[in-house]
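**Q** Residue numbers (our numbering): 2 to 371.
For glycine and all other residues, C-beta sits at the position ideal for the given N, C-alpha and C.
(1) Can you give the Cα-Cα distance for residue 3 and residue 226, rounded to whole angstroms?
(2) Could you say which of 351, 360, 103 lies nearest to residue 268 if we only look at CA atoms?
(3) Suppose you measure from the CA of residue 160 to the CA of residue 171; what does that come to, to the nearest Å?
(4) Closer than 8 Å by C-beta to residue 212: which residues in its own chain qualify, once you throw out the five before and the five after it? Chain order, please.
(5) Unbroken alpha helix (DSSP H) runs of length 4 or more, entirely within the segment 191-249: which are they?
(6) So, under 8 Å CB-CB, residue 333 and residue 205 are touching, yes? Tell me the CB distance rounded to an integer number of Å.
(7) Let me confirm a value: residue 194 is counted as buried when at least 16 other C-beta atoms fall within 10 Å, else exposed. Which label applies?
(8) Spatial neighbours of residue 233 within its chain, please: C-beta separation below 6 Å, excluding the five flanking residues on both sides.
(9) Where do the ends of the alpha helix (DSSP H) carrying residue 375 lie?
(10) Using 10 angstroms around the beta-carbon of residue 354, count the other beta-carbons present and answer buried if the total reaches 16, otherwise exposed.
(11) Can you tell me which of 105, 338, 249, 59 puts its alpha carbon nearest to the alpha carbon of residue 83?
(12) Could you tell me if residue 249 is buried or exposed, where buried requires 16 or more neighbouring beta carbons within 10 angstroms of its beta carbon?
(13) Please classify residue 340: is it buried, with 16 or more other beta-carbons within 10 angstroms of its beta-carbon, or exposed?
(14) Looking at the secondary structure, which residues open and close the alpha helix (DSSP H) in which residue 119 lies?
(15) Does the beta-carbon of residue 252 have 16 or more other beta-carbons within 10 angstroms, so that it is buried, or is it exposed?
(16) What does the alpha-carbon distance come out to for the pair residue 80 and residue 47?
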């Protein structure tokens, strides 16, 4: 399934004033591993990413008849993203038995089905022949500035970290997994300050205020001394939740290997995202995280929990977020402005998607009026 839209650019900056005699005003990125300050005035000219965020494709892991699809595709339509949903079979007992470890399995049925969904997306990507793909879960939310502001900056940071301008995200040979959506790559100040942990930080005024972030993220950023309105790209340390991650042809083939992530390892592994974390930490994969994350799941009942309880999803999940999603200032998936009216949708595509105006506060005020 495809949703296509081509919004124009909107790019906002916060100036960092450096007033030292004759030194002019510049915009800066900070490359933390070497304490070098880079003149980033050229970032003012960064163009919005394309409809696939600079990857060959955006793929969503979603089972047939999922109630979450409507919200996912509506948000994509508003913010100008093309999302493909690969067909996913109905998983049977034999599929699950082929995935779980013969002995010592720690995975429940819902987690096994979710794992199989990710493997299905990896297979689709490999068969497509595309160079890269971002795989997302169908309950993710993202900021309305994702394509216009956030991704261009994160991609520039990764190009700097990998010392390559060969592609939008540098040379795909230089990375295996880009962990753009997670529930926190949170680690100790000692690990954060390790000189081997390369990181690139930059001003991002589309972040929510620190006091509005998830408590775990807020505590982590405070503990490692990251200032307000700063986002980082860094070598992955300990992320969890596979909300959105990018792969290359080479890394996707490796992940499908039963010895890597093609099935549950001996001794057990409770979920696919845990295995991805182990792959990045222990198996030599070159993994990078955006911190805070660019994608987070919307607040809704767990599909895995529904499977484990024997509940049917249809009619139970609306596919839209509440007022806010964690660590996202202006989520694209708010149920507040969902509409099926073509004129209203066109308005949202222009005002929200192209111009980047967040309507959440305005709509909340309108809803409180008598």
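**A** Quick answer:
(1) Counted from its first residue, the chain shown places residue 3 at position 2. Counted from its first residue, the chain shown places residue 226 at position 225. Here the model assigns residue 3 a pLDDT of 38, short of 50, so the residue's position is not dependable, and the following value carries that caveat. When rounded, the distance between both Cα atoms is 42 Å.
(2) The residue you call residue 268 lines up with position 267 of the chain shown. Residue 268 has its Cα closest to that of 103, out of 351, 360, 103.
(3) Within the chain shown, numbered from 1, the residue matching residue 160 stands at position 159. Within the chain shown, numbered from 1, the residue matching residue 171 stands at position 170. Rounded to whole angstroms, residue 160 to residue 171 spans 5 Å at the Cα level.
(4) As a first step, residue 212 must be located in the chain shown, where it is residue number 211. Around residue 212: 219.
(5) 216-224
(6) Locating residue 333 in the chain shown gives position 332, counting from the first residue. Locating residue 205 in the chain shown gives position 204, counting from the first residue. That belief does not hold up - the Cβ atoms of residue 333 and residue 205 are roughly 17 Å apart, past 8 Å.
(7) As a first step, residue 194 must be located in the chain shown, where it is residue number 193. Exposed.
(8) Here the question's residue 233 lines up with position 232 in the chain shown. The residues are 200, 202, 292.
(9) A question about residue 375 goes unanswered here, because the residues of the chain that appear run from 2 up to 371.
(10) Start at 1 with the first residue of the chain shown, and residue 354 comes out as number 353. That one is buried.
(11) Counting from one through the chain shown, the residue named residue 83 turns up at place 82. Selected option, being the one with the closest Cα: 59.
(12) Reading the chain shown from its first residue, position 248 is the one you call residue 249. Flag for residue 249 reads buried.
(13) As a first step, residue 340 is located in the chain shown; it is residue number 339 there, counting from the start. Burial call: exposed.
(14) Position 118 of the chain shown, counted from the start, is the residue given in the question as residue 119. Residues 110-129.
(15) Residue mapping note: residue 252 aligns to position 251 of the chain shown, counting from 1. By the neighbour-count rule (16 or more Cβ atoms within 10 Å), residue 252 is buried.
(16) The residue labelled residue 80 in the question sits at position 79 within the chain shown. The residue labelled residue 47 in the question sits at position 46 within the chain shown. Approximately 18 Å between the Cα atoms of the pair.
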